[in-house]
């Protein structure tokens, strides 16, 4: 295939969860927690060992899990005091539970019982008490216990397949369609209108996805947005430097202002994008042309 990029990574976010029924679950912060109002918003706050450390009142972390029905949920925190005794305030809904850690050894401390009124995601916020002199608390897991044996609890279970990364990027919603097989196709066309208010940072809106790549637009930061187009190499690797020369994605042409490079860590291939201030509420049209390479057999 030859691809000519005129308007041209983004990320294909796939949420991998565990679904368990009844009992107790240990929800790792590494795959299910997000910093809240952080002083350095570009950092996710997750340490290499999967923990989150909270040291002062400015440190706040939100943990999420989902239940499939109303339930009484017992919350506990698995953590430790890093440099002496430390405390947390665990907030969920209108309730706040104090939790104290006196030891540098990992222990599980009960927080309190939360009444979840309906099915859906539950948000639990961890913060340090608003007081001076509180020690640093290292938190590893939110422990959830429910007596109802029929309940189903969903969350990112482990890091197999780098799922902590994909899970924390958020769930994906995909629309699929059946490609006609009785005629050759040269173009794919689609339109996207992002509703006002739904263009959150790090969102990616896919227009023309195909087996070898994707095309769409992304919110990269509070001040930057991109239109992007990427193509996977047929060689399976997460490191673009490992791709053999004859299986690399090669730039044939690019429009003005288009950056062309490589990507990895989700397969590897060729990446291109245009920094472009697209707006929510406006309709954007996408056209992809596919032309067989006459020098490639089949």
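Residue numbers (the working numbering): 1 to 298.
Backbone N, C-alpha and C define an ideal beta-carbon position, used for all residues, glycine too.
Residue range of the beta strand (DSSP E) that includes residue i
i	result
residue 225	225-232
residue 285	283-289
residue 262	258-263
residue 155	152-155
residue 269	269-275
Coarse secondary structure for residue i, derived from DSSP in three states
i	result
residue 25	strand
residue 13	Because the pLDDT at residue 13 is just 33, under 50, the model does not fix this residue reliably, and the value given afterwards should be weighed accordingly. Looking at residue 13 - three-state DSSP - the assignment turns out to be coil, as it is neither helix nor strand.
residue 293	coil
residue 5	A caution first: residue 5 carries a pLDDT of 45, below 50, which makes its placement in the model unreliable, though a value can still be read off. Three-state result, residue 5: strand.
residue 96	strand
residue 163	helix
residue 280	coil
residue 30	helix
residue 113	strand
Cβ distance (whole Å) where residue i is taken to contact residue j below 8 Å
i	j	result
residue 214	residue 230	6 Å
residue 142	residue 46	Going by Cβ atoms, the distance from residue 142 to residue 46 rounds to 14 Å, so no, they are not a contact pair.
Cβ-Cβ distance between residue i and residue j below 7 Å
i	j	result
residue 101	residue 84	no
residue 54	residue 128	yes
residue 138	residue 79	yes
residue 208	residue 97	no
residue 66	residue 36	no
residue 272	residue 260	yes
residue 283	residue 193	yes
Unbroken alpha helix (DSSP H) run spanning residue i, endpoints
i	result
residue 140	Not the alpha helix (DSSP H): residue 140 falls in the beta strand (DSSP E), residues 137-146.
residue 87	No alpha helix (DSSP H) contains residue 87, which is instead part of the beta strand (DSSP E) from 86-92.
Residue i beta carbon near the ligand SAH (any heavy atom closer than 6 Å)
i	result
residue 186	Looking at this structure, you won't find the ligand SAH or any other ligand, since it has none at all.
Within-7 Å CB hit, residue i to chain B
i	result
residue 280	Looking at the structure shown, chain B is missing, and only one protein chain is on hand.
> In chain order, which alpha helix (DSSP H) runs of at least 4 residues are fully inside the region 58-82?
Replying inline: The DSSP assignment places no complete alpha helix (DSSP H) segment of no fewer than 4 residues inside the region 58-82.
> Where in the region 177-217 do unbroken runs of the beta strand (DSSP E), each at least 3 residues long, occur, reported from the N-terminal end onward?
Replying inline: Taking only runs of at least 3 residues, the beta strand (DSSP E) segments lying wholly in the region 177-217 are 187-193 and 204-206.
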